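J.: Throughout the first sequence, residue numbering follows the numbering used here, covering 8 to 431 in sequence.
Cβ atoms here follow ideal geometry from the backbone N, Cα and C, with glycine treated the same way.
This structure is a prediction, so every number in the text was calculated from the model and none was measured.
The structure is given below, and queries will be raised subsequently.
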Amino acid sequence: MLTLKLIQDNPQEVIDKLKIKNCNAQELVNGIISVDTSRKSLQTELDGGLAEMNSISKEIGILFKEGKRDEADKLKERTAELKENNKILGDKLAEAEKELHSLLIQLPNIPHPSVPAGKSDADNVEIRSGGVMPELAGDIVPHWELTKKYDIIDFELGTKLTGAGFPVYKGKGARFQRALIAFFLDEANKAGYTEVVPPLMVNEDSAYGTGQLPDKEGQMYHCTEDNLYLIPTAEVPVTNIFRDVILDAKQLPVKYTAYTPCFRREAGSYGKDVRGLNRLHQFDKVEVVQVAHPDKSYEVLDSMVAYVEGIVNKLGLPYRVLRLCGGDLSFTSALTFDFEVYSVAQEKWLEVSSVSNFESYQANRLKLRYREEGNKKPVLAHTLNGSALALPRIMAALLENNQTEKGIRMPECLIPYTGFEYID
RNA sequence: GGAGAGAUGGCAGAGUGGUCGAAUGCGGCGGUCUUGAAAACCGUUGUGCGGCAACGUACCGGGGGUUCGAAUCCCUCUCUCUCCGCCA
Numbered sequence: 008m009l010t011l012k013l014i015q016d017n018p019q020e021v022i023d024k025l026k027i028k029n030c031n032a033q034e035l036v037n038g039i040i041s042v043d044t045s046r047k048s049l050q051t052e053l054d055g056g057l058a059e060m061n062s063i064s065k066e067i068g069i070l071f072k073e074g075k076r077d078e079a080d081k082l083k084e085r086t087a088e089l090k091e092n093n094k095i096l097g098d099k100l101a102e103a104e105k106e107l108h109s110l111l112i113q114l115p116n117i118p119h120p121s122v123p124a125g126k127s128d129a130d131n132v133e134i135r136s137g138g139v140m141p142e143l144a145g146d147i148v149p150h151w152e153l154t155k156k157y158d159i160i161d162f163e164l165g166t167k168l169t170g171a172g173f174p175v176y177k178g179k180g181a182r183f184q185r186a187l188i189a190f191f192l193d194e195a196n197k198a199g200y201t202e203v204v205p206p207l208m209v210n211e212d213s214a215y216g217t218g219q220l221p222d223k224e225g226q227m228y229h230c231t232e233d234n235l236y237l238i239p240t241a242e243v244p245v246t247n248i249f250r251d252v253i254l255d256a257k258q259l260p261v262k263y264t265a266y267t268p269c270f271r272r273e274a275g276s277y278g279k280d281v282r283g284l285n286r287l288h289q290f291d292k293v294e295v296v297q298v299a300h301p302d303k304s305y306e307v308l309d310s311m312v313a314y315v316e317g318i319v320n321k322l323g324l325p326y327r328v329l330r331l332c333g334g335d336l337s338f339t340s341a342l343t344f345d346f347e348v349y350s351v352a353q354e355k356w357l358e359v360s361s362v363s364n365f366e367s368y369q370a371n372r373l374k375l376r377y378r379e380e381g382n383k384k385p386v387l388a389h390t391l392n393g394s395a396l397a398l399p400r401i402m403a404a405l406l407e408n409n410q411t412e413k414g415i416r417m418p419e420c421l422i423p424y425t426g427f428e429y430i431d
C-alpha cells in the first residue's frame, strides 16, 4: 500500500497519477486524510489520558509502600472515570485505525511516469521484439495435437486424476519440463540469484503481505482445515521471506530465484484461451525476485528485463516486450514489462513473463525496510519480481514452432538437459 | 494423536504484581590506548505511533480478562522443544 505520508503530503498528485490507472481516487484520498486526521487527534488525547493514568498508578504504588492506604484509596476513585474515558478513546482509535487501513489497501500503486494511458491489453506498447519467426512448411499443428501425437502430455488423464487444467506430463514431455526448470534455474544462478525452495502453501499473513489477500482471495486454492493457501506464484513465499525484516543497505540488492509449481483457480476465465497448455490450474514457473535500494530499483528492473530477454533469446523464440498501459497494470505494480512469445500454430502471442517494479508498495505492507549506514531510521525498500519463465506457454510455443518432420526439435541450450535432440 | 515443558531485545539469558523498555553476558557501533591490530577500559546500541521539539505513548508469541498498576495473575489461540505412538 501507499504510505500515509505520501498521501498526506501530495494528495492531488496521488489522485492525478492514479488516473493513469483509470482509478478515481478522489473520494478515497479525501477519506484517508480525514480519517487520519481524526486518528491523530484521538491518539494525542488517548496518550494524555494514559499518561495521567500511569502517573496516578505510580503515586498509588508509592503511597502503598509508605503505608498511606487512605490516600491511595482516594486516588483510586479518580481513576475510574479516567479509565472509562481511556477505554472509549482506545476503542475509537482502534476503529479509526481499522477504517484507515481498509481505505489504504483500496488504493492501487501509483504508476511510473513512463506508463502509457490505456484501458486494456490492446493499449500496451510494444517496446521491442526479437527472435526469428519460424517458417514452417506443410501442416502446422497446434500443440495440443502434438502432445497427443507424441504422447508427451495427457490432459484427459489429468482430468481423471484431478480435473481440467491439471495435465500429466509423460516420457519426453516430463523430461522436457524438467529440462526447462533446470535450465532456467541454472541461468538464474549464473545471473547471481540465490536459489531457494520455498513452501508451496502459505499462511494468511503471507498471502496478505504480497497482496493476494484480501482482493484476490477467490483466485487461490484454500485449505480451510489448516487455513493455508496454495501459492499462485513463488513470489508469495519468496517475497514474504522479507516480511518484518530490516536489511542493511549494503546487503542490497538481494536476489532470489525459486522454482515452484503454481496453483490458480482461474475463476471466471472458463472457456477463454484455455485450450491445451494456455491456461492451467497447476503449472510450473521459475521466478526471480529482488529487493532493491529505492534509488536503484529501475536499474534493477531494466536488468531483470534484459535477463529475461536473454533466456528467451537462448530458447530461440520470437518474442516481443510490452510496456503495460495503466489499465492493464496490476493493482500493486508501478511499472510492468510483459514478454510474449509467438506461437505459430495458434497464431497468437502468449504471455510468458511479467517483470514488475512494485517500488515500496509491497514493502510497506510487508514492513520490509533497510537501514542506511549511520542513519537511524529504517526506510522502505523496493521489491521487484519477474517470471523467468512460466513453463507451459514456453513449452507450447517450442512445440509448435519447432515441429519438423523428424519430430519436435529441442533448442540447442536445452539438449544438455533433455539428453535428446528430438521429441519423436 | 497422547503426556509434559516453554515462548522476553540481533543472540544467549535474568526478571513472577509497582519508576521494567526490561538485569547480565555476547555481538554491533563510537572512543581511549596502539605504528597497525588484538586485549583492556569508557560510552552507545529495538520498533511503531503522536509531537517542530522537549517529550508522551504502545509493544516481553497473538487475542481477551483481572487490577489503581501486568513481562509477571487468569482465559484462549498459535508456535517451539522433550518423551511416547504413528509414518515418508
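1. Compare the C-alpha of D291 against each of I147, S121, I401 and K75 and name the closest.
2. Tell me which residues share the same chain as S304 and place their Cβ nearer than 7 angstroms to its Cβ, disregarding the 5 neighbours each side in the sequence.
3. Rounded to whole angstroms, what's the CA-CA distance from I39 to M8? Just pull it up for me.
4. Under the rule that 16 or more other beta-carbon atoms within 10 Å means buried, what is T87, buried or exposed?
5. Taking 8 angstroms as the threshold, find out whether the segment 317-331 comes into contact with the segment 374-388 through three or more Cβ pairs.
6. Using the C-alpha atoms, what's the distance from A129 back to V281?
7. How many Å lie between T169 and C269 at the Cα?
8. Using the rule of at least 16 other Cβ atoms within 10 Å of the residue's Cβ for burial, across every protein chain shown, is G68 buried or exposed?
9. Write down every uninterrupted run of the beta strand (DSSP E) in the segment 219-265 whose length is 3 residues or greater and which is fully enclosed by it, in chain order.
10. Look at the alpha carbon of R250 and the alpha carbon of L237, and state the distance between them as a whole number of angstroms.
11. For the candidate residues I415, C420, P423 and V315, whose alpha-carbon lies nearest to that of Y429?
12. What does the alpha-carbon distance come out to for the pair E407 and Y157?
13. For L409, name the three-state secondary structure that DSSP assigns.
14. Does L329 come out as helix, strand or coil in the three-state DSSP assignment?
15. Mind checking I253: buried by the 16 CB within 10 Å criterion, or exposed?
16. Would you list the residues sitting across from W356 in a DSSP beta bridge?
17. Do C332 and G125 have their C-beta atoms within less than 8 angstroms of each other?
18. Grab the span of the alpha helix (DSSP H) containing T169 for me, first residue to last.
19. Determine the closest residue to L235 out of T246, D222, Y215 and E242, with distance taken between C-alpha atoms.
20. How about V362 and V319: do their beta carbons lie closer than 8 angstroms?
21. L396 and F191 - do their beta-carbons sit closer together than 8 angstroms?
22. By how many angstroms is the C-alpha of S127 removed from the C-alpha of S121?
23. For the segment 190-206 against the segment 346-354, are there 3 or more C-beta pairs whose distance is under 8 angstroms?
24. Decide yes or no for the touch test of the segment 93-108 against the segment 18-31: beta carbon pairs closer than 8 angstroms, at least 3 of them.
25. For Q289, collect the residues of the same chain with a Cβ closer than 6 angstroms to its Cβ; drop the 5 residues on either side in sequence, then sort them by chain order.
26. Between A404 and N285, which are expected to be in contact by the criterion C-beta below 8 angstroms, what is the C-beta distance as a whole number of angstroms?
27. Taking Cβ to Cβ, would you say V307 is nearer than 8 angstroms to A265?
28. Tell me the rounded alpha-carbon separation between A101 and L111.
29. Pull up the DSSP beta-bridge partners for L391, would you.
30. Hey, could you find the ends of the beta strand (DSSP E) M199 is sitting in?
31. Can you look up Q289 in the DSSP assignment and give me helix, strand or coil?
32. Tell whether a beta-carbon distance below 8 angstroms holds between E91 and V42.
33. On the premise that G199 lies in contact with K262, defined as a C-beta separation below 8 angstroms, what is that separation, rounded to the nearest angstrom?
34. From D255, P239 and R272, pick the residue whose C-alpha is nearest to that of P206; which is it?
35. With a threshold of 7 angstroms on Cβ separation, who are the neighbours of L220 within its own chain once the five nearest residues in sequence on each side are excluded?
36. Tell me which residue opens and which closes the alpha helix (DSSP H) that Y314 is part of.
T.: On the basis of the coordinates in this document:
1. Here residue 291 refers to the residue found at position 284 when the first sequence is read from its first residue. Selected option, being the one with the closest Cα: I401.
2. If you number the first sequence from 1, residue 304 lands on position 297. Only N364, E366, H389 and L391 meet the Cβ criterion.
3. If you number the first sequence from 1, residue 39 lands on position 32. If you number the first sequence from 1, residue 8 lands on position 1. Taking the straight line joining both Cα atoms gives about 13 angstroms.
4. In the first sequence, the residue the question calls residue 87 occupies position 80. In the sequence on display, residue 87 carries Ala and not Thr. Exposed, because fewer than 16 other Cβ atoms sit within 10 Å of the Cβ of A87.
5. no
6. Walking along the first sequence from the start, residue 281 turns up at place 274. Walking along the first sequence from the start, residue 129 turns up at place 122. About 20 angstroms.
7. Taking the first sequence and counting its residues from 1, one reaches residue 169 at position 162. Taking the first sequence and counting its residues from 1, one reaches residue 269 at position 262. The alpha-carbon atoms of T169 and C269 are separated by roughly 15 angstroms.
8. Against the first sequence, residue 68 aligns to sequence position 61. By the 10 Å Cβ count, G68 comes out exposed.
9. 235-237 and 253-255
10. Numbered from 1 along the first sequence, position 243 holds the residue referred to as residue 250. Numbered from 1 along the first sequence, position 230 holds the residue referred to as residue 237. C-alpha separation (whole angstroms): 18 angstroms.
11. On the first sequence, residue 429 is found 422 positions in, with the first residue counted as 1. The shortest Cα separation from Y429 among I415, C420, P423 and V315 belongs to I415.
12. Mapped onto the first sequence, residue 407 falls at position 400. Mapped onto the first sequence, residue 157 falls at position 150. Distance between the alpha carbons of E407 and Y157 is about 13 angstroms.
13. The residue you call residue 409 lines up with position 402 of the first sequence. Sequence check: residue 409 is Asn here, not Leu. The answer is coil: DSSP assigns N409 none of H, G, I, E or B.
14. Here residue 329 refers to the residue found at position 322 when the first sequence is read from its first residue. Strand.
15. Translated into positions along the first sequence, residue 253 becomes position 246. Result: exposed.
16. Translated into positions along the first sequence, residue 356 becomes position 349. DSSP, once it has assigned bridges, lists Y349 as partnering W356.
17. By one-based count along the first sequence, residue 332 stands at place 325. By one-based count along the first sequence, residue 125 stands at place 118. Against a cut-off of 8 angstroms, the Cβ pair of G125 and C332 comes out as a contact.
18. The residue labelled residue 169 in the question sits at position 162 within the first sequence. Taken as a continuous stretch (DSSP letters only), T169 belongs to no alpha helix (DSSP H), as it is neither H nor E.
19. Start at 1 with the first residue of the first sequence, and residue 235 comes out as number 228. Checked all of T246, D222, Y215 and E242; the closest Cα to L235 is Y215.
20. Reading the first sequence from its first residue, position 355 is the one you call residue 362. Reading the first sequence from its first residue, position 312 is the one you call residue 319. Against a cut-off of 8 angstroms, the Cβ pair of V319 and V362 comes out as no contact.
21. Start at 1 with the first residue of the first sequence, and residue 191 comes out as number 184. Start at 1 with the first residue of the first sequence, and residue 396 comes out as number 389. In contact: F191 and L396 (Cβ atoms closer than 8 angstroms).
22. Taking the first residue of the first sequence as position 1, residue 121 is located at position 114. Taking the first residue of the first sequence as position 1, residue 127 is located at position 120. Each residue's Cα considered, the two are about 16 angstroms apart.
23. no
24. no
25. On the first sequence, position 282 is the one that residue 289 refers to. F173, P268 and F270, listed in sequence order.
26. Taking the first residue of the first sequence as position 1, residue 404 is located at position 397. Taking the first residue of the first sequence as position 1, residue 285 is located at position 278. The pair is not a contact, with the Cβ atoms about 11 angstroms apart (cut-off 8 angstroms).
27. Locating residue 307 in the first sequence gives position 300, where the first residue counts as 1. Locating residue 265 in the first sequence gives position 258, where the first residue counts as 1. No, these two residues do not count as a Cβ contact at 8 angstroms.
28. Taking the first residue of the first sequence as position 1, residue 101 is located at position 94. Taking the first residue of the first sequence as position 1, residue 111 is located at position 104. Approximately 15 angstroms between the Cα atoms of the pair.
29. Residue mapping note: residue 391 aligns to position 384 of the first sequence, counting from 1. The partner list for L391 (beta bridge, DSSP) reads Q297 and N364.
30. For this step, residue 199 is matched to residue 192 along the first sequence. Reading off the sequence shown, one finds Gly at residue 199, where the question assumed Met. Per DSSP, G199 belongs to no beta strand (DSSP E) and is neither H nor E.
31. Within the first sequence, the letter at position 282 stands for residue 289. Q289 falls in the strand class under three-state DSSP.
32. As a working note, residue 91 is residue 84 in the first sequence. As a working note, residue 42 is residue 35 in the first sequence. No, they are not a contact pair.
33. Indexing the first sequence from 1 puts residue 262 at position 255. Indexing the first sequence from 1 puts residue 199 at position 192. Rounded, the Cβ-Cβ distance is 5 angstroms, consistent with contact.
34. Taking the first residue of the first sequence as position 1, residue 206 is located at position 199. It is P239 whose Cα lies nearest to the Cα of P206.
35. Your numbering for residue 220 matches position 213 in the first sequence. Around L220: E211 and A214.
36. In the first sequence, residue 314 corresponds to position 307, counting from 1. S304 to L322 is the extent of the alpha helix (DSSP H) around Y314.
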